[in-house]
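The structure under discussion appears below in the form of structure tokens.
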Amino acid sequence: MSRLVLVLGDQLTPGMAALKQADKARDVVVMAEVAAETDCIAHHPKKIALIFAAMRKFARRLAEDGWTVRYSQLDDTDNAGSIPGELLRRAEETGASEVLATEPGDWRLIEALQDCPLKVRMIEDDRFFATHETFEGWAEGRKSLRMEYFYREMRRKTGYLMNGDAPEGGQWNYDSENRKPPPDGIDHGGAMMFTPDETVEEVLDLVEARFSGNFGELRPFAYATDTTQARRALTHFIKNALPQFGDYQDAMLRGERHLYHSVLSPYLNIGLLTPREVCDAAAQAYAEGAAPLNAVEGFIRQILGWREYVRGMYYLQGPDYLRRNALNHQRKLPGFFWGAETRMACVAHAVDQTREDGYAHHIQRLMVTGNFSLIAGLNPQQVHEWYLASYVDAFDWVMAANTIGMTQFADGGLVASKPYVSSGNYIDRMSDYCKACHYSVKARTGEGACPFNLLYWHFLNRHRDRFENNPRMGNMYRTWDRMDETRRSTVLREAEAFLDRMSAGKTV
Ligand code: FAD
Ligand code: DLZ
Ligand code: SF4
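See the structure below:
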């Protein structure tokens, strides 16, 4: 009897684990655009378009490759509306009673498949360098689960940038060379973009009709939607941006949406590219002398280190991780995250770019919106949902440790050894935002003082019990304690006033 082979919208890789175990001659591939996935959160329209267009092209590719594919479009009249519903419908049609599924990247969907009345065999997703067993083995018995140690083990395991047992160049990490402020000009036009083809145009019309109320602009749409295009984007990045990736990794510029970042996360996360081919391409550029070590090590660390680590943490920590709120932050997300006016140029710029592209680079996510959310005490679950809804590359498995852990410290310090908080100084050093801001980054208090300056101290003060003995934060508390009493109380009073105005919906 035939079996059903489930391929989800972020599993668009020819050698997916479930496909590997299936029999092309008798099994039936099921792919479905369903309301339960589009509506579980108000996704950015570009994300829905990217996924549907890439799904449709991937289904065609599988069919050309000899697979029997049953594909449901969102507006098909008999669409059952959910992944388990579609599996049941296809099981009735084909007489299949068993499903092969590659493990989804989201506890919600894992649980939905476990509850499905059909027999579902879930197979681990093997597109990653580290299996669940590898990660669990690494984590077992450790007091600290820091990424850096995991990354070193992955370097040894894969051999990337290794000379026998030693790291290439003698160091594991070249970040000290990677914190240059933004350059005056950029000699790179950004990531490769693509003109929509017929399939993409059809999907854009569907998404426009159904999802134009969601936060985010649909057009112009220029993401790659198949592997051929994604590989061109990879080659373009390796040649044009990778050599500078390290130097300006932390920089932010108003006129430069991508700087030297790759914009490959959407393709990696839905399966158009594999992490191995991306790391291979970077390592090869280094071997050929086309990119320096600080750039290639920095880039490979993002994928072999961070990406694998956040995935490992997601499965290791289980579904409850998403509900953590160690700092008990309860403030509601202000309207300017959804596009209402704000006078903070850095936040306005990150949010505008996110609305337009469904993309912002790492430092914008970490040190602008993430940092602001943390120092303002926003509720981490609402913050997580904002990122999940707003980015084309957002999936639960990759976000949880970044939002709940890295940026909001809501896991109490599992991922980050100290909270990623900064005053306006850091943003001023690494960007050109402050030059165009209503607020003054130099002003610590008073009319026009940068809100990051006020909230930074407010955060440290309100969480003193938790952080003052953290060895990496002692200096911050010593600086705070050295300020005179009047200044400290002014900072706290002005920070409170700012938060009150923000929560009352006033333009801040
Ligand atoms: P580059 O800077 O070119 O980096 C190369 C690749 O490394 C990325 O494509 C990505 O696959 C990987 N990578 C880099 N940093 C991380 C990281 N911290 N965690 C996991 N992978 C990483 N990444 C997502 O893929 N999806 C998300 O939903 C997401 N949400 C985030 C939310 C917050 C609050 C923060 C701080 C980070 C988040 N990241 C997320 C990680 C990172 O910001 C993005 O991967 C990166 O900005 C994608 O752009 P890029 O492809 O140009 O990355
Ligand atoms: C994100 C997404 C969306 C918007 N729509 C679909 C869909 O209609 N069908 C589908 O198979 N997958 C979709 N996805 C991706 C899933 O939500 C994703 O597989 C899970 O969140 C697990 O990562
Ligand atoms: Fe952001 Fe403050 Fe700089 Fe304005 S002055 S851009 S709010 S850091």
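For the sequence shown, this note's numbering assigns the number 1436 to the last residue and increments by one with no breaks.
All C-beta atoms in this analysis are idealised placements derived from N, C-alpha and C, irrespective of residue type, glycine included.
These numbers come from a predicted model, not from an experiment.
Selection from the options that minimises the alpha carbon distance to residue i
| i | options | result |
| --- | --- | --- |
| I1038 | R1392, T1414, D1324 and Y1354 | D1324 |
| E1105 | R1160, L1382, R1084 and Q1172 | Q1172 |
| D1178 | A991, F1063, D967 and P1111 | P1111 |
| V1027 | A945, Y1249 and L1342 | A945 |
| N1307 | V956, M1241, P1262 and Q1001 | P1262 |
| R1252 | G1023, L1342 and E1284 | L1342 |
| R1259 | V1279, Q1281 and F1300 | F1300 |
| G1117 | H1189, T1022 and D1003 | H1189 |
| F1078 | R1235, R989, H1257 and D1280 | R1235 |
| Y1243 | T1022, L1255 and W1035 | W1035 |
| F1063 | Y1237, A1218, T1156 and L1232 | Y1237 |
| T1030 | L1016, G1013 and D1054 | D1054 |
| M1334 | T1407, M1241, E1068 and Y1195 | M1241 |
| T1156 | A982, G1433 and G1374 | A982 |
| Q1310 | M1295, M1327, D1321 and V1320 | M1327 |
| A1067 | R1390, Q1245 and G1013 | Q1245 |
| L1089 | W1314, D951, E1225 and R1293 | E1225 |
| A1119 | R1107, S1140 and R1160 | R1160 |
| C1207 | G1233, P1194, R1185 and L1187 | G1233 |
| S1000 | H1290, P1012 and R1429 | P1012 |
| D1115 | Y1315, E1413, A1008 and Y1176 | Y1176 |
| G1267 | G1433, E1130 and L1382 | G1433 |
| T1059 | D1356, V1279 and R1239 | R1239 |
| S930 | P942, A950, Q1230 and L940 | A950 |
| A1218 | I1231, F1165 and G1098 | F1165 |
Endpoints, alpha helix (DSSP H) assigned at residue i
| i | result |
| --- | --- |
| A960 | Here A960 belongs to no alpha helix (DSSP H); instead the beta strand (DSSP E) covers V956 to A960. |
| L1382 | P1379 to R1390 |
| E1145 | From DSSP, E1145 is part of no alpha helix (DSSP H); its letter is neither H nor E. |
| N1168 | T1155 to N1168 |
| V1206 | P1203 to A1215 |
| M1241 | E1236 to Q1245 |
| Q1336 | No alpha helix (DSSP H) contains Q1336, which DSSP labels as neither H nor E. |
| Y1405 | G1402 to R1410 |
| P973 | P973 to E992 |
| G1226 | L1221 to I1228 |
| A970 | No alpha helix (DSSP H) holds A970; DSSP gives it neither H nor E. |
| R1421 | E1413 to S1431 |
| S1193 | S1193 to I1198 |
| K948 | A945 to K948 |
Test item: CB-CB of residue i and residue j under 8 angstroms
| i | j | result |
| --- | --- | --- |
| T1153 | E1269 | no |
| M1082 | F1122 | no |
| C1362 | A1304 | no |
| Y1384 | S1417 | no |
| L1050 | V997 | Leu is not the amino acid found at residue 1050; the sequence shown has Met there. Contact flag unset, no. |
| L932 | P1032 | no |
| M1180 | S1359 | yes |
| A1024 | V1128 | no |
| H1386 | L1420 | yes |
| D1409 | N1197 | no |
| L1464 | E1096 | The shown model of the chain, from 929 to 1436, leaves out residue 1464, and the question about it has no answer. |
| L1388 | M1404 | yes |
| E1182 | A1364 | First, the residue type needs correcting, since residue 1182 is Arg and not Glu in the sequence shown. Yes. |
| F1143 | R1018 | no |
| V962 | S1010 | yes |
| D1321 | P1194 | yes |
| Y1348 | G1298 | yes |
| A1338 | L1255 | yes |
| K948 | G994 | no |
| L1294 | A1223 | no |
| H1289 | H1186 | yes |
| C1044 | L1015 | yes |
| R1429 | T1373 | no |
| L978 | Y1151 | yes |
| I976 | V1135 | yes |
Limits of the unbroken beta strand (DSSP E) element including residue i
| i | result |
| --- | --- |
| V997 | T996 to S1000 |
| R1049 | K1047 to I1051 |
| L934 | L932 to L934 |
Where are the alpha helix (DSSP H) runs, 4 residues long or more, that stay fully inside the region 1004-1035, in chain order?
1011-1022
Test item, CB below 6 angstroms from any non-hydrogen atom of ligand 3:
M1272, A1273, C1274, G1352, I1355, D1356, Y1361, C1362, C1365, Y1367, V1369, C1378, P1379 and F1380
Could you tell me which whole alpha helix (DSSP H) segments of length 4 or greater appear in the region 1342-1382?
1352-1358
Restricting to runs no shorter than 3 residues, where is the beta strand (DSSP E) found entirely within the region 1045-1123?
1047-1051
Sequence ranges, beta strand (DSSP E) only - wholly within the region 1277-1323, length at least 3:
none
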